[in-house]
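Heads up: the structure comes next, in structure tokens.
Number of protein chains: 2
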Amino acid sequence: MTKIKVLIADNHAMVREGLKLALDNHKNIKVIGEATNGKEAVKLALELKPHIVLMDISMPEMNGIEAAVEIKSHDNNIKIIMLTMLDSEKFIVDAMSVGIDGYLFKESGIKELATAINRVYEGGEYLNKEVTDKILSYIRGRSFSSQTLNGNNTPPLTPREIEVLTLVSKGHTSKTAAEKLFISELTVVKHRKNIIKKLGVKNLAEAVSYAASHGLI
Amino acid sequence: MTKIKVLIADNHAMVREGLKLALDNHKNIKVIGEATNGKEAVKLALELKPHIVLMDISMPEMNGIEAAVEIKSHDNNIKIIMLTMLDSEKFIVDAMSVGIDGYLFKESGIKELATAINRVYEGGEYLNKEVTDKILSYIRGRSFSSQTLNGNNTPPLTPREIEVLTLVSKGHTSKTAAEKLFISELTVVKHRKNIIKKLGVKNLAEAVSYAASHGLI
DNA sequence: ATAATCGTACCCCTTTACGGGTATTTTTCT
DNA sequence: AGAAAAATACCCGTAAAGGGGTACGATTAT
């Protein structure tokens, strides 16, 4: 029996070690190498010729997508399964467009990962439900996505706070937002402070970023 | 011999399973429970009375720091080791101020985690300056932000500008962004002005919004 | 080779944001 | 009816953002 040779590329040693331990428990899977960044992943993939590369998207030096493109361009037989956090919607689309074979969230369990490895090894693709949902919601214009897995992921902003944040994201200052809402500038300032506190961010720019990536605005 | 009872709180099943496998390999450590969010972590911690809680910072429902505060307020004998990604610098200070017993980046290996668990169990702290320093220099060394394979619609921003905008979207001020990039604060200010001008927006909050909806960051 | 762009750095000045508060009214949910 | 949450409005202070300039070395493109 030929074991499926797997290369792990992730800059988190803890993740690498945990995955290796877990995967080596499967009799038909063998982890043959570990890379800590994209460049190393490319180098090792071409050297070791794994069947499958488990690739984290965000890595130093060269990100997972770039590394995947590089690997595929040299040896298209090497399959690549992308691993990532839940909130990287933008990357999923990028990844899909460069011919990734599988896409999994780290929120998924190891059992699912093993399934994915086997399916991809046999020539298939593996996109789980959450990934599909993400892609769809992204394409549809990021209205209200990301509420797929564990229910409530976003801190509770009140309707008024969301209204204020939306205005801010459109370039309004507290003063102009206040005029638009027919309330005092000081009230808008108050809302703004509450938003920053609730979201645990440093300023409104970060709040806008957070809100945008969570479909709040 | 009493085993050290450990509760794992992390919303990524993969991480939980990997850690459990790895830690149960250590004869004096036993994982007695797993929580998938902050609220569950509090509940299980008070029920199961673990010696140590391994707590991820970013979790749905209630984040790791809030959960830690809650647990400590009910039972101060329960030790808490915070686990987090490299890019959550902003939480470190918060975590430190609420009496966390240990702080580890997921980039650290499981060996170091075991060391931390043992040290904390024996009543010590694990906040090593060495790691923190190494981490900080690591963080400062990797400001790349991945804007390489962009075949899509014209982002009129230069790579450096995108880098600045990305930092801004993560809550950096001009000063802290400048420190991170090893350039003058005035230069960052200049970049930010150019960004606003180029994108035709009123302020950085709107710029972040624009960038987020156009996949620039 | 020469023009254009980029990244760097600084000057002036005004406006806005931010981080603590406190407090009252209105709405919403038991 | 009473509690809780939300929305309203204000105080203090410091920090940062933003708008307008200029300038110069290093790349990059033509």
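Top to bottom, those sequences are chains A and B.
Take the first sequence: its letters are residues -18 to 198, numbered as in this note's numbering.
Take the second sequence: its letters are residues -18 to 198, numbered as in this note's numbering.
Using N, Cα and C, we set each Cβ at its ideal position, and we do this for glycine too.
Is there at least one Cβ from chain B nearer than 9 Å to Ser190 of chain A's Cβ?
Counted from its first residue, the first sequence places residue 190 of chain A at position 209. Closer than 9 Å to some Cβ of chain B, the Cβ of Ser190 of chain A qualifies, so yes.
Is Thr96 of chain A close to chain B, meaning its C-beta is less than 9 Å from at least one C-beta of that chain?
Walking along the first sequence from the start, residue 96 of chain A turns up at place 115. For Thr96 of chain A, the nearest beta carbon of chain B is not closer than 9 Å to its own beta carbon.
Which residues mark the beginning and the end of the beta strand (DSSP E) in which Ile13 of chain A is found?
On the first sequence, position 32 is the one that residue 13 of chain A refers to. Start and end: 10 to 16.
Determine the chain A residues that contact Asn175 of chain B at a beta-carbon separation under 7 Å, and present them in chain order.
Here residue 175 of chain B refers to the residue found at position 194 when the second sequence is read from its first residue. Under the 7 Å cutoff, chain A gives no residues; its nearest Cβ is about 16 Å from Asn175 of chain B.
Would you call Lys1 of chain A buried or exposed, if buried means 16 or more other Cβ atoms sit within 10 Å of its Cβ?
Working through the first sequence from its first residue, we reach residue 1 of chain A at position 20. Under this definition Lys1 of chain A is a buried residue.
Under 8 Å by beta carbon: chain B residues contacting Val(-4) of chain A
Within the first sequence, the letter at position 15 stands for residue -4 of chain A. Correct list: Met(-5), Val(-4), Gly(-1), Lys87.
Minimum Cβ-Cβ distance from Val182 of chain A to chain B less than 9 Å
Translated into the one-based positions of the first sequence, residue 182 of chain A becomes position 201. Yes, its Cβ sits closer than 9 Å to a Cβ of chain B.
Need the endpoints of the beta strand (DSSP E) that Ile62 of chain A sits in, please.
Start at 1 with the first residue of the first sequence, and residue 62 of chain A comes out as number 81. Counting along the chain, the beta strand (DSSP E) containing Ile62 of chain A begins and ends at 60 to 65.
Less than 7 Å between C-beta atoms, sequence neighbours within five positions excluded: which residues of the same chain meet that for Lys24 of chain B?
As a working note, residue 24 of chain B is residue 43 in the second sequence. Residues of the same chain with their beta carbon placed closer than 7 Å to that of Lys24 of chain B are lacking, with the five preceding and five following residues left out of the count.
In terms of residues, what are the limits of the alpha helix (DSSP H) holding Val182 of chain B?
Here residue 182 of chain B is taken as the residue at index 201 of the second sequence, counted from 1. In the DSSP assignment, Val182 of chain B falls outside any alpha helix (DSSP H) and carries neither an H nor an E.
Nearest residue (CA-CA) to Arg141 of chain A, options A:Ser150, A:Thr157, A:Ile46, A:Leu162:
Along the first sequence, one-based indexing puts residue 141 of chain A at 160. When each option's Cα is compared against that of Arg141 of chain A, the closest is A:Leu162.
Check whether chain A comes within 9 Å of Ser54 of chain B, counting only Cβ atoms and requiring the distance to be less than that.
The residue labelled residue 54 of chain B in the question sits at position 73 within the second sequence. Proximity of Ser54 of chain B to chain A, defined by a Cβ-Cβ separation below 9 Å, is not satisfied.
Going by beta carbon distance, what residues of the same chain come within less than 8 Å of Val145 of chain A, once the five residues before and after it are set aside?
Start at 1 with the first residue of the first sequence, and residue 145 of chain A comes out as number 164. Around Val145 of chain A: Ala158, Leu162, Val169, His172, Arg173, Ile176.
Cβ neighbour criterion (16 or more within 10 Å) applied to Asn(-8) of chain B
As a first step, residue -8 of chain B is located in the second sequence; it is residue number 11 there, counting from the start. When all chains shown are included, Asn(-8) of chain B counts as buried.
What does Lys179 of chain B reach in chain A if we use C-beta pairs closer than 7 Å?
As a working note, residue 179 of chain B is residue 198 in the second sequence. Going along chain A, no residue has its Cβ under 7 Å from Lys179 of chain B, so there is no contact; the nearest lies around 14 Å.
Please report the residue range of the alpha helix (DSSP H) in which Lys156 of chain B lies.
Mapped onto the second sequence, residue 156 of chain B falls at position 175. Unbroken alpha helix (DSSP H) run through Lys156 of chain B: 155 to 162.
Secondary structure of Asp5 of chain B, DSSP reduced to three states
Numbered from its first residue, the second sequence carries residue 5 of chain B at position 24. In the three-state reduction of the DSSP assignment, Asp5 of chain B falls in the helix class.
Between Ile10 of chain B and Val(-4) of chain B, how many whole angstroms is the CB-CB distance? I'm expecting something under 8 Å.
Along the second sequence, one-based indexing puts residue 10 of chain B at 29. Along the second sequence, one-based indexing puts residue -4 of chain B at 15. Contact annotation, Ile10 of chain B with Val(-4) of chain B: C-beta distance approximately 16 Å; criterion of less than 8 Å not satisfied.
Is any beta-carbon of chain B found at less than 9 Å from that of Val(-13) of chain A?
As a first step, residue -13 of chain A is located in the first sequence; it is residue number 6 there, counting from the start. Cβ-Cβ to chain B under 9 Å: no for Val(-13) of chain A.
Tell me which same chain residues have a C-beta within less than 7 Å of the C-beta of Leu94 of chain B, skipping the five on either side of it?
For this step, residue 94 of chain B is matched to residue 113 along the second sequence. Excluding positions up to five away in sequence, the list reads Leu85.
Hey, Lys156 of chain B and Glu166 of chain B are a contact pair by Cβ (cut 8 Å); roughly how many whole angstroms apart?
Taking the second sequence and counting its residues from 1, the one referred to as residue 156 of chain B is at position 175. Taking the second sequence and counting its residues from 1, the one referred to as residue 166 of chain B is at position 185. That pair is a contact at about 5 Å.
Classify Met(-5) of chain A as helix, strand or coil using the three-state DSSP reduction.
Sequence index remark: in the first sequence, residue -5 of chain A carries index 14 (1-based). If DSSP states are grouped into helix, strand and coil, Met(-5) of chain A belongs with the helices.
Quick one: Cα of Ser124 of chain B to Cα of Glu51 of chain A, how far?
Here the question's residue 124 of chain B lines up with position 143 in the second sequence. Here the question's residue 51 of chain A lines up with position 70 in the first sequence. Unreliable placement is indicated for Ser124 of chain B, whose pLDDT of 23 sits below 50; no coordinate value is reported for it.
Go ahead and label Asn18 of chain A buried or exposed: buried means 16 or more other beta carbons lie within 10 angstroms of its beta carbon, across all protein chains shown.
For the purposes of this step, residue 18 of chain A is taken as residue 37 along the first sequence, with counting starting at 1. Buried, since its Cβ has 16 or more Cβ neighbours within 10 Å.
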